[in-house]
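Encoded as structure tokens, the structure appears first; notes follow it.
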Amino acid sequence: MHFSEDDLREALKRKDPGEGFTQRVMARVNQAKAEGTAQPTTKKPNGKLLAWWMLRPAWTIAVVAVLLLAFGIGGYQYSEYRHAVENRIAREKQQQLQREAERARDQAILALEIARAKMNHVLQHAQLQAEPNKIRRERL
Amino acid sequence: MEQTAAFEDDRLKQALTLSLNGDAEAFADLVREHQGMVFSIAYHYLQDRSLAEDLAQEVFLELFQSIERIQSPAHLTYWLRKVTANRCIDQGRKKSRHREMALEEAPEPVTASAHTDPMLLDKLQQSLATLPEKQRLVVIMRFQEGLGPAEIAEVLEMPVNTVKSTLHRSLADLRKGLTRKIREVRYAFF
Chain A
3 MHFSEDDLRE ALKRKDPGEG FTQRVMARVN QAKAEGTAQP TTKKPNGKLL
53 AWWMLRPAWT IAVVAVLLLA FGIGGYQYSE YRHAVENRIA REKQQQLQRE
103 AERARDQAIL ALEIARAKMN HVLQHAQLQA EPNKIRRERL
Chain B
76 MEQTAAFEDD RLKQALTLSL NGDAEAFADL VREHQGMVFS IAYHYLQDRS
126 LAEDLAQEVF LELFQSIERI QSPAHLTYWL RKVTANRCID QGRKKSRHRE
176 MALEEAPEPV TASAHTDPML LDKLQQSLAT LPEKQRLVVI MRFQEGLGPA
226 EIAEVLEMPV NTVKSTLHRS LADLRKGLTR KIREVRYAFF
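These protein sequence lines are chains A and B, in that order.
Add 2 to a position in the first sequence, counting from 1, and you land on the number used in the working numbering.
Add 75 to a position in the second sequence, counting from 1, and you land on the number used in the working numbering.
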């Protein structure tokens, strides 16, 4: 079933709350005024709060102490955290240096082994060439 | 026409100033001027006349308490729409009833104009009650208050694109819901 936007506008047409609505609202306003709950106040709530604190020095001192304690604990924890982070970074750097040194050592050992193998090879060749001359000399 | 609007604006400005100084009659004038809007938003949202009246009264009571914050007649309209919408959402949650239950309540019969089908309007109102809260409010703001997406976004504190997509989805849901209702009626008859 189709409906147009006009149908929707028609369905949602403003309705009148009925006779005496304004009077009922004003009665509630007056009642609230009489109970002191509805006052068009111009004072800001912050002023009230400040006055409340001013009248209660013990509370103020307690709150300041709690805040100082909280800041102190927070600061200490933060410095501990920073210290731990710095330690971790230093440790990681040291481990990395160690790893690099080990890698360099391994490479040096490998290079020496290759050099040793080549030297052996050359030595074997030299011995083989020297061998026939030796036999000929012995026959003579 | 423009002159009348300007005159009306001046009258409301004056009423606002007088209300701020504690003039009860001026405040009553402001209530009279906006009661239809506030009550209708609440009524179309809650589909319950007495709840809507209660809510509207509370909105005006809050207005009385916060009148010094209102800067102009336009701001007053915006403030009332916003507060009413927020209170509707709160009230709707408090009700915590199943939406289908709300459908069973017979809303006030629709007074249709000559070219509209009263049954269609009735079903439209019932289908509206089944929409989720934000969708319902967007539809009410669009079609009752005639607000554009940007204005709705401001009142309901939503991004404009979300308003547009919500509106689109709501209309689709309304069409779907209406078709289902008509089918149910047909099955009931045949």
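Note that beta-carbon positions come from the ideal geometry of N, C-alpha and C, so glycine has one too.
Element boundaries [alpha helix (DSSP H), containing residue i]
i        : result
B/Asp129 : 124-140
A/Met28  : 23-37
B/Glu108 : 99-121
B/Leu196 : 193-205
B/Glu50  : Residue 50 of chain B lies beyond the residue range present for chain B, which begins at 76 and ends at 265; the question has no answer from this structure.
Any chain B beta carbon closer than 9 Å to residue i
i       : result
A/Thr44 : Bear in mind that the predicted position of A/Thr44 carries a pLDDT of just 47, short of 50, making it too unreliable to give a figure here.
A/Gly38 : no
A/Thr24 : yes
A/Glu12 : yes
A/Ile19 : Strictly speaking, residue 19 of chain A in this sequence is Pro, with Ile absent from that position. Yes - at least one Cβ of chain B is within 9 Å of the one on A/Pro19.
A/Glu94 : no
A/Asn89 : no
A/Ala67 : no
A/Arg16 : yes
Alpha-carbon to alpha-carbon, residue j and residue i
i        : j        : result
B/Ala80  : B/Ala228 : 25 Å
B/Phe114 : B/Asp123 : 11 Å
A/Glu37  : B/Asp98  : 18 Å
B/Asp85  : B/Glu108 : 13 Å
B/Pro193 : A/Glu12  : 10 Å
A/Glu133 : A/Asn122 : 16 Å
A/Asn135 : A/Ala128 : 12 Å
B/Pro224 : B/Lys239 : 6 Å
A/Ala29  : B/Arg162 : 21 Å
B/Arg250 : A/Phe5   : 8 Å
A/Glu7   : B/Phe218 : 8 Å
B/Asp197 : B/Met112 : 20 Å
A/Glu104 : A/Arg93  : 17 Å
B/Ser125 : B/Ala204 : 16 Å
B/Leu95  : B/Leu155 : 16 Å
A/Leu71  : A/Asn89  : 27 Å
A/Leu114 : A/Val124 : 15 Å
B/Phe82  : B/Ala90  : 12 Å
A/Arg101 : A/Ala64  : 55 Å
B/Glu226 : B/Leu151 : 14 Å
B/Ala177 : B/Gly167 : With a pLDDT of 45 at B/Ala177, under the threshold of 50, the predicted position of this residue should be treated as unreliable, though the coordinate-derived value follows. One C-alpha to the other measures close to 11 Å.
A/Leu130 : A/Gln98  : 48 Å
B/Ile146 : B/Thr92  : Correcting the residue identity first, residue 146 of chain B is Gln in this sequence and not Ile. Spanning the two alpha carbons is a distance of roughly 9 Å.
A/Gln25  : B/Val134 : 15 Å
For residue i, the three-state DSSP class (helix, strand or coil)
i        : result
A/Arg58  : coil
A/Lys17  : coil
B/Phe218 : helix
B/Phe82  : helix
A/Ser81  : helix
A/Pro134 : helix
B/Asn96  : coil
B/Pro148 : helix
A/Ser6   : coil
Closest Cα partner of residue i within the set the options
i        : options                                : result
A/Ala34  : B/Thr152, B/Thr241, B/Leu136           : B/Leu136
B/Gln110 : A/Ala36, A/Asn32, A/Gly22, A/Glu37     : A/Gly22
B/Lys88  : B/Ala99, B/Gly97, B/Glu100, B/Leu105   : B/Leu105
B/Asp165 : B/Leu121, B/Ser94, B/Ala103            : B/Leu121
B/Ile142 : B/Ala101, B/Ala247, B/Ala117, B/Leu246 : B/Ala101
B/Asp248 : B/Leu222, B/Gln201, B/Met216           : B/Gln201
B/Lys169 : B/Leu199, B/Gln140, B/Leu130, B/Glu220 : B/Leu130
B/Gly252 : B/Tyr153, B/Leu195, B/Gln78, B/Pro234  : B/Leu195
A/Arg16  : B/Thr254, B/Lys209, B/Ile215, B/Leu242 : B/Ile215
B/His243 : B/Thr254, B/Leu206, B/Glu220           : B/Leu206
B/Gln132 : A/Gln97, A/Ile91, A/Asp9, A/Gly20      : A/Gly20
B/Thr159 : B/Thr237, B/Val235, B/Tyr118           : B/Tyr118
CB contact below 9 Å: residue i versus chain A
i        : result
B/Ser240 : no
B/Gly221 : yes
B/Ile227 : no
B/Glu128 : yes
B/Tyr118 : yes
B/Val230 : no
B/Ile164 : no
B/Val158 : no
B/Lys169 : no
B/Ala90  : no
B/Val213 : no
B/Val106 : yes
B/Ser147 : no
B/Ala181 : In this prediction, B/Ala181 has a pLDDT of 44, which is less than 50 and means its spatial position is unreliable; what the coordinates show is noted afterwards. Judged by the 9 Å Cβ criterion, B/Ala181 is not in contact with chain A.
B/Met233 : no
B/Arg250 : yes
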